[in-house]
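What follows is a short report on a single structure.
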Amino acid sequence: MLLKNVSVFWLLLGLGATRGAAFVGELARRNSTGLTSVVEWDSKSLFIQGQRVFILSAEFHPWRLPGDPALWADVFQKIKANGFNTVSFYVNWALHFPTPDTSNGQGDFETGTYRDIELFIQEAQKAGLWLIARPGPYINGETTGGGFPGWVGNIAGSLRTNNANYTQAWTPYLTTMSKMIAKYQITNGGPIILVQAENEFSQGTTQSPYMQAIIDTYRANGIVIREGCPAFSRRLPTLVSNNPQRSTCRPGRFGGGFLLQWGATPFGGTGYEKYTVSPGLTNADFENVFYKENYAQTATILNIYMLFGGTNWGGTAAPVSYTSYDYGGGINENRIANAKMNEMRLQGLFLRVSRDLLGATLLANGTNYTTTPLMHTAELINLETGAGFYVLRHNDSTSTALTTTQVTVQTSLGSLVIPRTGVLTFNGRESKIIVTNYVFGQSQSTILYSTAEIDGIDYVILYAPTGQSGETAFRLPSAPTVIPSIPAAGIASSFVNGTLTLNYVLNGSSFVSITEGQTKIVAIILDKASANRWHAPIIATPGAFGNYFSIGTNETVLVSGPYVLRTAEIAGNTLSMTGDVNGTTSLEIVAPGTISTVVWNGLPTVTTQTSWGTLKSQLDGAPAITLPVLTNWKVAGSLPEIDPDFDDSSFTAAHLTTTNYTNLPPLAGNVVLYSQQYGFYGNHLIFRGRFTATGKETGVNLTVQYGFAGGYSVWLNGVFLGSAQGSQTVSVSTSTWAFPAGALRVNATNVLVVFQDHTGIVETNSNGGKEPRGIRGYALLGATTPFTSWTVQGNLGGAGHAPDTYRGYLNEGALYAERIGAHLPGFPDDGWASATPLSGVSRAGINFYRTTFDFPVPDGIDAPIRLSITRNSTAASPNFRLQIYLNGWQVGKYANSIGPQTIFVLPAGILRRRSPNTLGLMVWAMDATGAVIQNIELVSDGFYTTSLQFTDYVTPDYAEQKALRPEPGFYNPM
Ligand SMILES: *[C@@H]1O[C@H](CO)[C@@H](O)[C@H](O)[C@H]1NC(C)=O
Ligand SMILES: *[C@@H]1O[C@H](CO)[C@@H](O)[C@H](O)[C@H]1NC(C)=O
Ligand SMILES: *[C@@H]1O[C@H](CO)[C@@H](O)[C@H](O)[C@H]1NC(C)=O
């Protein structure tokens, strides 16, 4: 059978003599940094090693996959498998420089942690992905401080300018990063092709002295590749992000996340789900219409923000974001590739082989191409090769109408109205790319036009939604032999004047072999559901970049079935593949005729050969695994600080009277209570103020700055005064708290305690954007009595001396349970009381609960799980907050009265399979009536067989940190 005799190559160069000549002309127009010719560009695209490339890039941030950094490889492989060739990543300065002099100014990039950026780079390269490095120094990214360490906010003078104080702050970090990027840039054999200078920098241009200083730092440390947007945006083709409102990379913009603008990401927001599930605004249909619109506008560098969003664990979020940073990405927060990835794979594979699209010019666009004005057509022609790309969508891109039409296209045979038989159908949010004069394959065959979309090849994949009709015309010297795989598949062919026309209705899959002389073409005609199952994994070749398409290899096989196809190798007669399946899966493989054995995840599979030459096999899905039930909870009170006799001698004495937060100066009181100035940069804060009462004091006035959706509770001498709640739009509040009768101690020391939430440091867009966390102003009412002293506590040891340097200083806050290490595995809770969090907290205050559970998932199975909290809608007060800890990592902040998140990923990189897991839960009741949770349970996100290896990521437990933490005391639960 025909297929067995044809080696499977994707179209690579296909350069004819005329194109070779045009190529020389192009060389003259190409630009470079002048320091390397490995990465160049012209007005149409980037060139890597002299070849035009479409950069289809996925945004993925190292720290947002918490726990075991070995799982970066999982995400990279999934990104690569789904049509992307590049990853864009931020580096988060705040995580690497908790203090200005961390590791003698070299920064903390500890091996084996989320801070091991070199490992991140290496894993991307192993997966065959280019990298765009975005080290900031400012990154925004909905991360605390926008990537600025907390101490940067304390600097005198402005930020993101050439203020010498600020320059001194970022220079050590950026020097380290520049050296690392230089080491791994493509010219030194690494995967980094572009580097960004700053981010979303709106104050200036490349002429800004600050911007120039960053670029100079890059160059001085050996970076020779182009520094990126905002600098390259005007000369390179548009660099677009996942943002309909802001679709081009204007100077100062790498594009921003649009879900933020639409209110999905903040506490109290709508949640991501609204935008991603059908008929959501960012689902696969959105990708179909919006990304193709970008190609229509001749974008050739497209970065999807976020492709894998991940988790804002610990105190890593900015106040505009809750714990989940799922972002509606194609790979969800629990690492599952969803339906959006099928669409991206189809687009990515098309872009990978449609090299003529890269040099194409947008000739015109409008509604006059089609027989109905309801459709919009963009006409792109490659003026050197004559290839045409017509991108069609509803003129009103939000239309969900069913519209049929014909379109006028230019071909080598002149202007044609196609399809000549039947109509093109657009059902709602759908876009099609119709190609003309499309040269493909080793045979250099030409498709005159096709009304189904081409996925590029030797084997030409044509697809459209089920039930629609398609028409494809091939130019051939003489009448070919046409054999459909299933004779009755309803495929009609005719040959007239050198044109073979296929007419078909999309339904399942069919293979049509077309043989004419030495030319052998197989058209694989697929409905969309079938097309969504096909993969084209690269068969890597040895040597540098051997797993990069077009630079290293253009060899592939075609495989239908697996949910994820990670790798494919051919050795002798054996095709070995690795990947994941999400249920019983039928495999169908188009491979070289020499292949007789197919190995899946290390085990040979039984294959049969079809009459049309493919190999078929079946893979079993994973068995369901029973989830453990959470029982045997232990509990202790976790707010001893409200007791006026609590010994806070280890807390930091607040003595500062000046601040550099000049835009938000203290409002009242004689010492400054801004936590950053005392070295505390994230999570809860505790303030204890003392005064000697005259008896006239009636209350206290407090202004507390906690960040959006923050809040606080306040006590006098252990008597609860009340709580304040922030919201999506409220980050600071001023309240008066009356002292109840009997609370005041006359002629004695009184202790006022504020326990405050902290939802991250604002993303600083300028000096004026700096915001302190803590008490902005305090004054007693009824008398002018001053406070005699204040103490401040954030995470134990602050940023500089945190006991848990492995998880990092942003994992903990001031919470008593955290300071004594009760969130860590191995903490001795024998003396604690037995009580489930479902029994509730009876009054205002904080309990900390602990339990353990086993989750012995067998090897070869991926079983992502989440923790689900069910609200109690009839509880007396909705005002309570939870924090969730898995094996010592703080993985969730739940705000019952604010929302939206109620289900929290328990990251696979933290979850243990071979030893018990420790779950911790803080319950903070903010009203006198206490707090009740209806239910707390583990939920499954499915079971997948996988080639992924999971090891227990064992991070420091209690025993390792015991000596660095206070001796634990036991306090009765509330
Ligand atoms: C080439 O790029 C450099 C910056 O890398 C720029 O200064 C120069 O103007 C560019 N030249 C052209 C012809 O685009
Ligand atoms: C830099 O910091 C010093 C010391 O705090 C201060 O005196 C100076 O004014 C600062 N520079 C600017 C530009 O604010
Ligand atoms: C595409 O259409 C827009 C809107 O009508 C128009 O402004 C633009 O000039 C067109 N582009 C070309 C290349 O014709």
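In this text, residue positions in the sequence shown follow my numbering: the first is 812, and each later residue adds one.
Glycine included, C-beta positions come from ideal geometry on N, C-alpha and C.
Own chain, CB closer than 6 Å to V1564, minus 5 neighbours either side, in chain order:
To locate residue 1564, count along the sequence shown from 1; it is residue 753. The answer, listed in chain order, is E1452, I1453, R1499 and W1526.
Which class does N1783 belong to by DSSP, given the choice of helix, strand or coil?
Within the sequence shown, residue 1783 is the residue found at index 972, counting from 1. Here N1783 sits in coil by DSSP.
Residues near ligand 3, criterion Cβ-heavy atom distance below 5 Å
L1173, A1175 and N1176
Distance check for V1668 and V1320, CA to CA, integer angstroms please.
Along the sequence shown, read from residue 1 onward, the residue named residue 1320 stands at position 509. Along the sequence shown, read from residue 1 onward, the residue named residue 1668 stands at position 857. A quick correction: the sequence has Ser, not Val, at residue 1320. For S1320 and V1668, the distance between alpha carbons rounds to 36 Å.
Closer than 8 Å to a non-hydrogen atom of ligand 2 - does that hold for the CB of N974?
As a working note, residue 974 is residue 163 in the sequence shown. Yes, ligand 2 has a heavy atom inside 8 Å of this Cβ.
Where does K891 sit, in a helix, a strand or coil, going by DSSP?
Stepping through the sequence shown from its first residue, residue 891 is reached at position 80. Helix.
For F1097, name the three-state secondary structure that DSSP assigns.
The residue you call residue 1097 lines up with position 286 of the sequence shown. Correct three-state label for F1097: helix.
beta-carbon G968 near ligand 2 non-hydrogen atom, thresh 8 Å:
By one-based count along the sequence shown, residue 968 stands at place 157. G968: yes, Cβ under 8 Å from ligand 2.
Take every Cβ of the segment 1138-1153, pair it with every Cβ of the segment 1584-1599, and state whether three or more of those distances are shorter than 8 Å.
no
Do the segment 1319-1339 and the segment 874-894 meet, that is, are 3 or more Cβ pairs less than 8 Å apart?
no
How would you call P1348, buried or exposed, if buried means at least 16 neighbouring beta carbons within 10 angstroms?
For the purposes of this step, residue 1348 is taken as the residue at position 537 of the sequence shown. Per the 10 Å Cβ criterion, buried.
Say whether chain B places a C-beta atom closer than 9 Å to the C-beta of M1022.
The structure shown contains no chain B; it is built from a single protein chain.
My output table needs one value for Q1007: the three-state DSSP class, helix, strand or coil.
Here the question's residue 1007 lines up with position 196 in the sequence shown. Three-state DSSP puts Q1007 in coil, outside helix and strand.
Tell me the DSSP bridge mates of V1557?
As a working note, residue 1557 is residue 746 in the sequence shown. A1504.
Let me know if L1130 comes out buried or exposed under the rule of 16 or more other beta-carbons within 10 Å of its beta-carbon.
For the purposes of this step, residue 1130 is taken as residue 319 along the sequence shown, with counting starting at 1. The question names Leu, but residue 1130 is Pro in the sequence shown. By the 10 Å Cβ count, P1130 comes out buried.
Going by DSSP, name the residue or residues bridged to V1202.
The residue labelled residue 1202 in the question sits at position 391 within the sequence shown. Answer is A1189 and I1244, bridged to V1202.
Validate contact between the segment 932-948 and the segment 1002-1011 using beta carbons, cut 8 Å, 3 pairs
yes
By the DSSP assignment, the beta strand (DSSP E) with S1256 in it spans what residues?
Position 445 of the sequence shown holds residue 1256. S1256 -> beta strand (DSSP E) spans S1256 to S1261.
Output the distance between the C-alpha atoms of T897 and D1458, rounded to the nearest integer angstrom.
In the sequence shown, residue 897 corresponds to position 86, counting from 1. In the sequence shown, residue 1458 corresponds to position 647, counting from 1. Rounded to the nearest angstrom, the two C-alpha atoms are 54 Å apart.
Assuming V1702 contacts T1122 (C-beta within less than 8 Å), just tell me the rounded distance between them.
As a working note, residue 1702 is residue 891 in the sequence shown. As a working note, residue 1122 is residue 311 in the sequence shown. That belief holds up - the Cβ atoms of V1702 and T1122 are roughly 7 Å apart, short of 8 Å.
Let's see if you can read the secondary structure: which residues bound the beta strand (DSSP E) around V1410?
Taking the sequence shown and counting its residues from 1, the one referred to as residue 1410 is at position 599. Here the beta strand (DSSP E) through V1410 covers T1408 to W1411.
Pairwise C-alpha distance: T1236 and A869:
In the sequence shown, residue 869 corresponds to position 58, counting from 1. In the sequence shown, residue 1236 corresponds to position 425, counting from 1. Taking the straight line joining both Cα atoms gives about 31 Å.
Ordered list of beta strand (DSSP E) runs contained in the segment 1401-1454, each at least 3 residues
1408-1411, 1414-1416, 1426-1430 and 1445-1448
Between which two residues does the alpha helix (DSSP H) carrying G1159 extend?
Here the question's residue 1159 lines up with position 348 in the sequence shown. Per DSSP, G1159 belongs to the alpha helix (DSSP H) from A1150 to V1164.
Under three-state DSSP, which class holds D1673?
Within the sequence shown, numbered from 1, the residue matching residue 1673 stands at position 862. Three-state DSSP puts D1673 in a strand.
May I have the straight-line CA-CA distance separating T1663 from I1680, to the nearest angstrom?
The residue you call residue 1663 lines up with position 852 of the sequence shown. The residue you call residue 1680 lines up with position 869 of the sequence shown. The straight-line gap from Cα to Cα measures roughly 17 Å.
For A1355 and T1570, what's the separation of their Cα atoms in angstroms?
Within the sequence shown, the letter at position 544 stands for residue 1355. Within the sequence shown, the letter at position 759 stands for residue 1570. In a straight line, the C-alpha of A1355 is about 45 Å away from that of T1570.
Can you list, in chain order, the residues of its chain whose CB lies under 6 Å from that of R1692, leaving out five sequence neighbours each side?
Residue numbering aside, residue 1692 sits at position 881 when the sequence shown is read from its first letter. Correct list, in chain order: A1706 and W1735.
Ordered along the chain, which non-local residues of its own chain (more than five positions away) have a Cβ less than 7 Å from that of M1733?
Locating residue 1733 in the sequence shown gives position 922, where the first residue counts as 1. For M1733, where only same-chain residues beyond five positions count, the Cβ hits under 7 Å are S1449, L1626, A1628, I1657, F1659, L1693 and Q1694.
Taking 9 Å as the cut-off, decide whether the C-beta atoms of T1367 and A1379 are in contact.
For the purposes of this step, residue 1367 is taken as the residue at position 556 of the sequence shown. For the purposes of this step, residue 1379 is taken as the residue at position 568 of the sequence shown. Cβ distance < 9 Å, so T1367 and A1379 count as in contact.
Less than 9 Å between the C-beta atoms of A1535 and G1522, yes or no?
Indexing the sequence shown from 1 puts residue 1535 at position 724. Indexing the sequence shown from 1 puts residue 1522 at position 711. Going by C-beta atoms, A1535 is nearer than 9 Å to G1522.
Where Q1760 falls: helix, strand or coil (DSSP):
For the purposes of this step, residue 1760 is taken as the residue at position 949 of the sequence shown. Of the three classes helix, strand and coil, the one that applies to Q1760 here is coil, per DSSP.
Collapsed DSSP secondary structure at H1346 in the structure displayed
As a first step, residue 1346 must be located in the sequence shown, where it is residue number 535. Of the three classes helix, strand and coil, the one that applies to H1346 here is strand, per DSSP.
For the segment 965-1004, which segments carrying the alpha helix (DSSP H) assignment without a break, of at least 4 residues, lie completely within its bounds, in sequence order?
975-994
I need the straight-line Cα distance from A1275 to R1682, nearest angstrom please.
Numbered from 1 along the sequence shown, position 464 holds the residue referred to as residue 1275. Numbered from 1 along the sequence shown, position 871 holds the residue referred to as residue 1682. If you take the alpha carbons of A1275 and R1682, they lie about 44 Å apart.
Near N1746, what residues of its chain come up, given a Cβ to Cβ distance below 8 Å and the 5 sequence neighbours on each side ignored?
Position 935 of the sequence shown holds residue 1746. Hits under 8 Å: L1649, S1679, I1680 and T1681.
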